[in-house]
């Protein structure tokens, strides 16, 4: 068994993904259903596509994303993509972090790419969005070597404008907006360092 990549809650239980499987379990841990991805489609991230939480978007290393229907228990749509998907977030657009450093902004109905940002020179590690503000962290290539990009990148989705990034010296690997404070971002390094940052002023709190 491979490690669990992500968890999502529904009224019926818990949805989890690993490298090759999607599982639907009760909140007590009883397995209700398991879906095995096709060969070559290594799952990395997921996101609900509707308010009923009946359909889930799956991204991974394949050149397509999948929409899986949790009530019908099968894939209902494949969406071509030019690169692997490492992270997903949702505002008025579906934000897709890619393994080539790009962030694709897709229409939630047609899934057509509306805009693209080049965030990092290598893979995007994590993205999050709150309102019209998108944040990313990822990897860079320096002198032919992969390393953690110390900059947290910010984008205004209303004007499609790049904002000033801010530095997180330990190296950001995960980030998440605080659920109650709109401008507060929690940034975590792969070694466990974390900070609360005010993205409005680009400073550590």
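In the numbering used here, the protein residues as written are 731 to 935.
The beta carbon of each residue, even a glycine, is placed where N, CA and C say it ideally should be.
Residue i versus the options, residue with shortest Cα-Cα distance
{"i": "residue 805", "options": "927, 901 and 788", "result": "788"}
{"i": "residue 714", "options": "827, 810 and 771", "result": "Because the chain spans 731 through 935 in this model, residue 714 falls outside it and cannot be assessed."}
{"i": "residue 929", "options": "914, 922 and 923", "result": "914"}
{"i": "residue 783", "options": "846, 880, 908 and 741", "result": "741"}
{"i": "residue 890", "options": "779, 926, 845 and 756", "result": "845"}
{"i": "residue 749", "options": "866, 790 and 797", "result": "790"}
{"i": "residue 876", "options": "732, 868 and 761", "result": "868"}
{"i": "residue 874", "options": "895, 884, 880 and 852", "result": "852"}
{"i": "residue 831", "options": "780, 842 and 871", "result": "871"}
{"i": "residue 921", "options": "878, 910, 863 and 893", "result": "878"}
{"i": "residue 802", "options": "794, 812, 814 and 786", "result": "786"}
{"i": "residue 692", "options": "897, 892, 816 and 836", "result": "Past the edges of the chain, shown from 731 to 935, lies residue 692, and the structure says nothing about it."}
Beta-carbon contacts of residue i that lie in its chain and below 6 Å, excluding the five residues immediately before and after
{"i": "residue 919", "result": "900, 901 and 903"}
{"i": "residue 745", "result": "738 and 754"}
{"i": "residue 807", "result": "797"}
{"i": "residue 732", "result": "748 and 749"}
{"i": "residue 838", "result": "824"}
Integer-rounded CB distance, given that residue j should sit under 8 Å from residue i
{"i": "residue 840", "j": "residue 887", "result": "17 Å between Cβ atoms; not a contact."}
{"i": "residue 775", "j": "residue 823", "result": "That belief does not hold up - the Cβ atoms of residue 775 and residue 823 are roughly 16 Å apart, past 8 Å."}
Bridge partners - residue i, DSSP secondary structure assignment
{"i": "residue 819", "result": "825"}
{"i": "residue 893", "result": "884"}
{"i": "residue 751", "result": "766"}
{"i": "residue 918", "result": "904 and 924"}
{"i": "residue 788", "result": "776 and 796"}
{"i": "residue 856", "result": "867"}
{"i": "residue 739", "result": "744"}
{"i": "residue 807", "result": "797"}
{"i": "residue 835", "result": "825 and 845"}
{"i": "residue 911", "result": "For residue 911, which the question treats as bridged, DSSP gives no partner whatsoever."}
Close beta carbons around residue i, own chain, < 7 Å, minus the five adjacent residues each side
{"i": "residue 936", "result": "Residue 936 lies beyond the residue range present for the chain, which begins at 731 and ends at 935; the question has no answer from this structure."}
{"i": "residue 895", "result": "881, 882, 883 and 884"}
{"i": "residue 762", "result": "743, 754, 755 and 756"}
{"i": "residue 916", "result": "905, 906, 908, 924 and 926"}
Chain-order list of residues whose beta-carbon lies under 8 Å from that of residue i (same chain, five-residue window excluded)
{"i": "residue 794", "result": "771, 808, 809, 810 and 811"}
Pair every Cβ in the stretch 852-868 with every Cβ in the stretch 827-838, then say whether three or more of these pairs are closer than 8 Å. By the criterion of at least three beta-carbon pairs nearer than 8 Å, the stretch 852-868 is in contact with the stretch 827-838.
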